[in-house]
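Chains as they are written, first to last, in our numbering: chain A, 620 to 817; chain B, 620 to 817; chain C, 620 to 817; chain D, 620 to 817. Just so you know, even glycine gets a beta-carbon here, dropped at the ideal spot from N, CA and C.
There are 4 protein chains.
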Amino acid sequence: MDTDPVIAIEMYGRMMIALEKLESCREFAALIPEVRTNMAYALPNARTPGEVLAIDGRITVVKGMPRAAGRPCFGASGHMARLVLGIREAYPEIRTAIDFSNPPGFAPWLEEYCRQNGWAFAVLDRQAEPEVSRDAEGSSMSWRAREVIRAAGNRAPKVFCDAGAFGKEPVSVIVGTEPISTADELCGIARAFARRGT
Amino acid sequence: MDTDPVIAIEMYGRMMIALEKLESCREFAALIPEVRTNMAYALPNARTPGEVLAIDGRITVVKGMPRAAGRPCFGASGHMARLVLGIREAYPEIRTAIDFSNPPGFAPWLEEYCRQNGWAFAVLDRQAEPEVSRDAEGSSMSWRAREVIRAAGNRAPKVFCDAGAFGKEPVSVIVGTEPISTADELCGIARAFARRGT
Amino acid sequence: MDTDPVIAIEMYGRMMIALEKLESCREFAALIPEVRTNMAYALPNARTPGEVLAIDGRITVVKGMPRAAGRPCFGASGHMARLVLGIREAYPEIRTAIDFSNPPGFAPWLEEYCRQNGWAFAVLDRQAEPEVSRDAEGSSMSWRAREVIRAAGNRAPKVFCDAGAFGKEPVSVIVGTEPISTADELCGIARAFARRGT
Amino acid sequence: MDTDPVIAIEMYGRMMIALEKLESCREFAALIPEVRTNMAYALPNARTPGEVLAIDGRITVVKGMPRAAGRPCFGASGHMARLVLGIREAYPEIRTAIDFSNPPGFAPWLEEYCRQNGWAFAVLDRQAEPEVSRDAEGSSMSWRAREVIRAAGNRAPKVFCDAGAFGKEPVSVIVGTEPISTADELCGIARAFARRGT
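Here it is in structure tokens:
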């Protein structure tokens, strides 16, 4: 890797500390989707998924707790990497994204949670995606990134969810400038959702 | 667990040997779906997912190879466990099921592969699923099991795939009486698919 | 492996269930030696370490709990495998051995625990080992096996410890006919030792 | 942890990159001692093992390759942490130490390798350790650190080995200012030792 070593050191360090936070959060296990969670963290000038750090094998649930299947490595994510790359075209300060589940009834609760936190929230309609875009994986993600930005009112989105599509599980996504604070925010969502209505 | 210890010993032993086969098969990594693979193995008189052995955290891909996230344990699967339980209502000799991906263009190839091996093959139309069934996870799986049997021509199915549904990734499934031979059969599929057209 | 598949299935099954017991026993973490624990389980007619199942990478301590570094596989142990092979020359019913630590002051407590359980206990003096034996790893283990049997009063030993030697950590060993009951016995030792004097 | 977050990020990042280097080096597997390897990395002002980052569960060998049993965390090492703390009393720029094996005949080869690389090499005689020191783990490590410095000719040592002691496996140690370059140096030793005499 020709990555600047100082930047790589900081990125691996932030990913490990963020991962410890996610793995320690029991409530987050309930928000890991069927497709499992990944956490992507792009190099400052990333153009391709190979320049995005992510968790090899994604984050799954073992003995009831979130658990990374492998280690952070560059190129370990396709979907989430392309989503970050797409969002960064408009908002280059966004370098991290983490996906989580979107179970029935979750989106309205999440919207209210975001409103209380002053976070831009958007719902993405993947059914509106043009057929041609859906066919090519790369294009689809660019479309999703553009659509999220549009749905957020041409602001940098903070949290968004989609309702799924044919063959696609509905998921939610949170983005940020780096993974530690983003993992903290996601654990906050998970804990609040676990306590809802109590 | 009040399981007969002799049966539990045999089941854990067969799962570990089957898992070694899957984890050693590089070509199988290409057939692990977004929702990850699970391998379910039901007790002879299983009625609930708690009586079905499966891989905790499912089987994911790490460094390009299939890798179990956790260990086999009873109750580690919901979906695949219910599918086995549903099929066993009609064909109690079926105790194992493993899911794998169903990428575009895969089903016709898989049908021909099954024909050559003399295996009952079926395509499941999850869109035909009644609304009421889809709502309740348990009922849905019973519907899938019944529909697979019907689609296989009222025989025990060996391999089947579905085209997905709204919010649901299309997957393929192979079933068998125990996991070692079923894992061997699945690795055979993966190797043949990797060699196709060459 | 040309091993009889029925025997291999039973052996993997017993190892996994035994491993679950050790990994669930917090008190056992305190008895894992610097050299880490291994659990060996020999084929009925084993002659070489390749015919002995053991834990690849041994059992270490992670987050305060015992944790296997890898999976059971044949040939994963040298020391413990040879020890079992040596003991089996005289007592072929012995197929399993697990090592654990021997901290200062432990041996007298362990001897009393064994007396209460009616188990043959022995202390092995590795300093008495002939120089020629210590040089060759294989011979040394045969000497240890013979010496343990002699020290146990020409009975099958159940538990023994040594005081270490130059360059060798002192360890304790428990043996048995199969790993599940042996792991149960070792967890019993660990729990009783944790409660001692309270 | 009240650690400065910027320092913690850099330390976790360096540990992960160093760990990837060790885990990718097949030749290093042959130099992992019975007590397993640990890599310690002290905070700039560390006074206690809780302020030293190390690998939880140490680094063992799985499928013939070095593999960390757990993750880097503060407080995961006792021995290696105290050794670094002891050396830092005289040479505060030293923050990292990694131990590896010292098989028969290795020390003279290692001494020559160090001479060629211009590294201070020392042999530690643990038999010379005063009885009172050996009893208390903490004091022993301070004694070892002081003795290594003395044996290196009152310079900062780079590599040293000991011949073991009663109950103690002989080991070698390499130290450095941070783990990435130290892991590189250790992999260089492992590769050169694997090629020796060829």
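On the premise that Gly795(A) lies in contact with Thr801(A), defined as a C-beta separation below 8 Å, what is that separation, rounded to the nearest angstrom? 3 Å
Quick one: grab the DSSP three-state call for Asp754(C). With a pLDDT of only 48 at Asp754(C), under 50, the local geometry of the prediction cannot be trusted, and the value read off the model is given with reservation. If DSSP states are grouped into helix, strand and coil, Asp754(C) belongs with the helices.
On the three-state DSSP scale, how would you describe Ile713(C)? coil
Rounded to whole angstroms, how far is the Cβ of Phe693(B) from the Cβ of Glu670(B), which I believe are closer than 8 Å? 7 Å
Between which residues of its own chain and Ala695(C) is the CB-CB distance below 7 Å, once the five residues before and five after are set aside? Ala673, Ile674, Asp675
Exposure label - Asp754(A); buried when at least 16 CB within 10 Å: Since pLDDT at Asp754(A) reaches only 48, below the 50 mark, its modelled position is unreliable, and the value read off the structure follows with that caveat. Counting Cβ neighbours within 10 Å, Asp754(A) comes out exposed, since fewer than 16 surround it.
Report yes if the CB atom of Glu644(D) is closer than 8 Å to the CB atom of Pro685(D), and no otherwise. Inspection of the sequence shows that residue 644(D) is occupied by Cys rather than by Glu. Cβ atoms of Cys644(D) and Pro685(D): closer than 8 Å.
Does DSSP put Cys585(D) in a helix, a strand or coil? Residue numbering for chain D in the displayed model covers 620 to 817; residue 585(D) lies beyond these limits and cannot be assessed.
Beta-carbon proximity of Tyr710(D) to Ala775(D), cut-off 8 Å: yes
Under the DSSP definition of a beta bridge, which residues are partnered with Cys692(A)? Ala673(A)
Let me see if you follow: with CB-CB separation under 8 Å, is Pro789(C) close to chain D or not? yes
If I follow the unbroken beta strand (DSSP E) through Pro685(D), where does it start and stop? 684 to 687
Using a Cβ cut-off of 8 Å, pull out every chain C residue sitting near Met699(B), in sequence order please. None at all; the shortest Cβ gap to chain C is about 20 Å.
Three Cβ pairs or more, each shorter than 8 Å: is that satisfied between the stretch 709 to 724 of chain D and the stretch 649 to 656 of chain D? yes
Who are the neighbours of Gly783(B) on chain A, taking C-beta pairs under 7 Å? Phe785, Gly786
So the alpha helix (DSSP H) Ile626(A) belongs to, where does it begin and stop? 624 to 642
Which residues of the stretch 674 to 688 of chain B have a Cβ closer than 8 Å to any Cβ of chain A? Give them in chain order. Asp675, Gly676, Arg677, Thr679, Val680, Val681, Lys682, Arg686, Ala688
Taking Ile636(C) as the query, report the chain B residues whose CB atoms sit under 9 Å from its CB, ordered along the chain. Pro624, Ala627, Ile628, Tyr631
Tell me, please, whether the CB atom of Val671(A) is closer than 8 Å to any CB atom in chain B? no
Does Arg814(A) have its Cβ less than 8 Å from a Cβ in chain B? no
Buried versus exposed call for Ala747(D) [16 or more other C-beta atoms within 10 Å across all chains shown]: exposed
8 Å Cβ cutoff, Arg765(D) in contact with chain C: no
Residues of the stretch 644 to 674 of chain A in Cβ contact with chain B at a cutoff of 8 Å, in chain order, please. Glu653, Val654, Arg655
By Cβ distance, which residues of its chain are closer than 6 Å to Ile799(A), with the 5 residues on each side in sequence left out? Arg633, Ile636, Ala637
Can you tell me whether Val767(A) is buried or exposed, with buried defined as 16 or more other CB within 10 angstroms of its CB? buried
Going by Cα to Cα distance, which pick from Val625(C), Leu805(C), Arg815(C), Glu797(C) is closest to Ile713(C)? Glu797(C)
Express the C-alpha separation of Ala809(D) and Leu641(D) in angstroms, rounding to a whole number. 10 Å
Going along the chain, which residues of its own chain have a beta-carbon closer than 8 Å to the beta-carbon of Gly783(C), five neighbours each way excluded? Asn721, Arg745, Pro789, Val790
Rounded Cβ spacing between Leu702(D) and Val625(D) (contact assumed at less than 8 Å): 26 Å between Cβ atoms; not a contact.
Say whether chain D places a C-beta atom closer than 8 Å to the C-beta of Ala809(C). no
Does any residue of chain D have a CB that is nearer than 8 Å to the CB of Asp754(A)? Confidence is the limiting factor: at Asp754(A) the pLDDT is only 48, short of 50, which leaves the residue's position unreliable, though a coordinate-based value still follows. Answer no: the Cβ-Cβ gap between Asp754(A) and chain D never drops below 8 Å.
Is the Cβ-Cβ distance between Leu743(C) and Phe779(C) less than 8 Å? yes
His698(A) versus Ala665(C) - alpha carbon distance: 50 Å
Is it buried or exposed for Thr622(C), if we count other Cβ within 10 angstroms and need 16 for buried? exposed
List the endpoints of the continuous alpha helix (DSSP H) containing Gly807(C). 798 to 814
Residues that Met658(B) bridges to, as DSSP identifies them: Ile717(B)
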